[in-house]
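There are 2 protein chains.
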Amino acid sequence: MTVDSGNTLGTLLAMLQSAALEHLQRNLAAAGYADLRVAHMAVFRHIDAERGSRLSGLADSAGITKQSMGYLVDYLEEQGYIERLPDPTDGRSKLIRLTAKGKAVYTMMRLSDGETAQAWSDLLGENKMKKLRQLLDELAELLGKAE
Amino acid sequence: MTVDSGNTLGTLLAMLQSAALEHLQRNLAAAGYADLRVAHMAVFRHIDAERGSRLSGLADSAGITKQSMGYLVDYLEEQGYIERLPDPTDGRSKLIRLTAKGKAVYTMMRLSDGETAQAWSDLLGENKMKKLRQLLDELAELLGKAE
DNA sequence: TGTAGTTAGTAAGATTACCTGACTATATTG
DNA sequence: CAATATAGTCAGGTAATCTTACTAACTACA
Chain A
2 MTVDSGNTLG
12 TLLAMLQSAA
22 LEHLQRNLAA
32 AGYADLRVAH
42 MAVFRHIDAE
52 RGSRLSGLAD
62 SAGITKQSMG
72 YLVDYLEEQG
82 YIERLPDPTD
92 GRSKLIRLTA
102 KGKAVYTMMR
112 LSDGETAQAW
122 SDLLGENKMK
132 KLRQLLDELA
142 ELLGKAE
Chain B
2 MTVDSGNTLG
12 TLLAMLQSAA
22 LEHLQRNLAA
32 AGYADLRVAH
42 MAVFRHIDAE
52 RGSRLSGLAD
62 SAGITKQSMG
72 YLVDYLEEQG
82 YIERLPDPTD
92 GRSKLIRLTA
102 KGKAVYTMMR
112 LSDGETAQAW
122 SDLLGENKMK
132 KLRQLLDELA
142 ELLGKAE
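If you read the sequences in order, they're chains A and B.
Quick note: the first sequence uses the numbering used here, first residue 2, plus one each step.
Quick note: the second sequence uses the numbering used here, first residue 2, plus one each step.
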């Protein structure tokens with residue numbers, strides 16, 4: 002019998018995600034990227050940092066429409082985080098690629114994520130945090146397959 | 002050595018949360034509550050189902066402004082999910098309480114959460130799911146304390 | 001006990017992050 | 001080559017937030 006806080010799974014996930022997001026946004030703002038908002042994270046989360054991605058691919062991964070992703074990408078392009086290049090393999094398509102500035106943010110996001118993991122590890126204990134991470138990973142993998 | 006999918010913690014949490022939310026919304030829509038949107042969940046998540054809650058309390062728990070919570074509550078009141086009663090202990094304040102319709106949704110949300118947990122348990126195995134739930138609970142508790 | 005400060009809620013207006021529908025240009029395929 | 005599908009954009013709308021400003025009511029203390 003697990004001791005149950007009364008929080009639903011949904012509430013728990015929401016709490017943790019918002020804690021992680023807040024930490025990330027503080028870090029980005031402190032590093033001078035205050036013009037990045039939460040919604041933009043979706044782009045950095047799903048973009049292929051080396052080869053670039055297509056708009057529709059990004060939209061699919063993020064689970065939003067092409068138009069919505071276009072809106073986010075327009076902004077990031079204006080602010081110099083990404084660039085749109087013609088896709089040599091398809092005349093309809095454009096490759097969305099991180100600029101140097103965008104790559105710096107990409108790296109910082111991953112660093113910040115590590116910090117969050119570390120902070121939670123400090124609270125929870127290293128073993129438990131490792132276990133949690135592993136379970137989250139496994140579940141996400143299974144959900145991805147199950148579609 | 003954990004096999005790492007390359008997903009950040011933030012990405013993992015986002016994926017799981019969106020899966021849970023989609024399931025919940027499908028359930029609600031199927032039960033005839035198609036007028037409820039994701040943002041409204043925050044109210045049902047934080048409201049005191051027996052005694053009712055204050056607007057500012059709800060806003061605090063949900064991490065949004067009073068005005069934003071007011072916007073959500075206005076809608077739920079129009080649709081008959083909640084009612085605003087004068088708070089007998091404070092003339093400035095109003096008690097926000099679930100109507101019968103609102104209580105049905107409240108219950109359904111918890112049922113749906115159980116279904117999600119069950120589905121994940123089926124994928125992951127009962128023991129691992131139990132463990133995951135326990136770790137999430139523990140971490141949320143610790144984060145709550147640490148503020 | 002009256003006034004200063006605090007708290008609960010509302011109002012008005014702006015912005016952001018999405019959506020749907022319609023369109024153009026290019027690719028793919030029978 | 002014609003029909004269909006795909007990549008992206010444009011136009012317009014709505015939902016969910018925010019900030020600033022306000023009123024009413026409560027609390028505390030000189």
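We put the beta carbon where it would ideally sit given N, CA and C, even for glycine.
No experiment lies behind these values; they were computed from the predicted model shown.
(message) Distance check for G7 (chain B) and Q135 (chain B), CA to CA, integer angstroms please.
(response) 24 Å
(message) Quick check on Y72 (chain B): buried or exposed, where buried means 16 or more other Cβ atoms within 10 Å of its Cβ?
(response) Its Cβ having fewer than 16 others within 10 Å, Y72 (chain B) is exposed.
(request) Indicate whether at least one CB of chain B lies closer than 9 Å to the CB of S54 (chain A). (result) It does not; no Cβ of chain B falls within 9 Å.
(request) Report yes if the C-beta distance between M110 (chain A) and L25 (chain A) is below 9 Å; otherwise report no. (result) For M110 (chain A) and L25 (chain A), yes; Cβs fall inside 9 Å.
(request) Thinking K95 (chain A) and L56 (chain A) are a contact (beta carbons under 8 Å), I'd like their distance in whole angstroms, please. (result) 7 Å
(request) Would you verify that the beta carbon of R129 (chain A) is, or is not, closer than 9 Å to some beta carbon of chain B? (result) For the sequence presented, residue 129 (chain A) should be read as Lys rather than Arg. With 9 Å as the cut-off, K129 (chain A) counts as an interface residue toward chain B.
(request) Kindly indicate the opening and closing residues of the alpha helix (DSSP H) around E116 (chain B). (result) 101–125
(request) State the Cα-Cα distance for the pair A43 (chain A) and P89 (chain B), rounded to the nearest angstrom. (result) 46 Å
(request) Would you kindly check if the distance between the Cβ of A63 (chain B) and the Cβ of R46 (chain B) is under 9 Å? (result) yes
(message) To the nearest angstrom, how far is the alpha carbon of R98 (chain B) from that of S54 (chain B)?
(response) Using only the alpha carbons, I get a separation of about 7 Å.
(request) Give, in chain order, every residue of the stretch 82–97 of chain A whose Cβ lies closer than 8 Å to some Cβ of chain B. (result) none
(message) Does the CB of S19 (chain A) have a neighbour CB from chain B at under 9 Å?
(response) yes
(request) Please list, in chain order, all residues of the same chain as V39 (chain A) whose beta carbon is under 7 Å from its beta carbon, the five residues on each side excluded. (result) L22, Q26
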